[in-house]
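K.L.:
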Amino acid sequence: MMINKIIKTRSVNIEFKLTDFEKNEIENKIKNYENPRAVSIEALKIVQKQRLWISDEAILAISDILGVSAIDIEEVATFYNQIFRQPVGCNIIRYCDSIVCFINGYEGILDMFEHYLKIKSGETTKDGLFTLLPTCCLGNCDQSPVIMINEDVYLNFKKTKILTLLDKYK
Ligand code: FES
0 MMINKIIKTR
10 SVNIEFKLTD
20 FEKNEIENKI
30 KNYENPRAVS
40 IEALKIVQKQ
50 RLWISDEAIL
60 AISDILGVSA
70 IDIEEVATFY
80 NQIFRQPVGC
90 NIIRYCDSIV
100 CFINGYEGIL
110 DMFEHYLKIK
120 SGETTKDGLF
130 TLLPTCCLGN
140 CDQSPVIMIN
150 EDVYLNFKKT
160 KILTLLDKYK
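Residue numbers (numbering that gives the first Met the number 0): 0 to 169.
1) Buried or exposed: where does Gly-88 fall if 16 or more other Cβ atoms within 10 Å of its Cβ makes it buried?
2) Could you compute how far the alpha carbon of Leu-131 sits from the alpha carbon of Tyr-32?
3) May I have the straight-line CA-CA distance separating Asp-55 from Gly-121, to the nearest angstrom?
4) Quick check: what's the CA-CA separation for Lys-157 versus Glu-14?
5) Out of curiosity, what's the CA-to-CA distance linking Pro-86 and Lys-160?
6) Taking C-alpha atoms, which residue in Ile-64, Ile-29 and Asn-103 lies nearest to Leu-17?
7) Distance, Cα to Cα, Thr-163 vs Val-38?
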């Protein structure tokens, strides 16, 4: 139903095509699974790695190559918070806003990120370099506060480190 809604309400770019690289990567994954539906998340990650986010057109293209309904692909994409359905920056900053990080002061860290990046949580910087997002517990509560930038985890994070850290990802 979601995809039907997308098609009715938005102009879907019918020119969208997976690249040969994306197709090869997805087809290699398909060989490892009996059920192509099990490849959905891998396919989404492959496409997102190239394009930074998953558009409606990408959902349809992945549906096509896997032979899985677009609704099923959409459900997987929506379920995983690592899959972005809107454009994001080159680097994703996630701050843990769960209880232990709250107690240990994530709010001060968030304030400083917002200050230096000149955005609010959930937004992307004008230069497209950073997107700032909350996340639930990252499983390192004993070393909180915890933030992640892309795949990198920073434990016992201190707001005094923010500028140095941002420089590293520019
Ligand atoms: S509450 Fe932040 S890592 Fe667990």
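For every residue, glycine included, the Cβ atom is placed at its ideal position computed from N, Cα and C.
P.N.:
This is what the structure gives:
1) With 16 or more neighbouring CB atoms inside 10 Å of its own CB, Gly-88 falls in the buried class.
2) Those two C-alpha atoms are separated by around 35 Å.
3) Rounded to the nearest whole angstrom, the C-alpha separation of Asp-55 and Gly-121 is 20 Å.
4) Cα to Cα, the separation comes out at about 46 Å.
5) Approximately 27 Å between the Cα atoms of the pair.
6) Closest by alpha carbon: Ile-64.
7) If I take the Cα positions, the gap works out to 38 Å.
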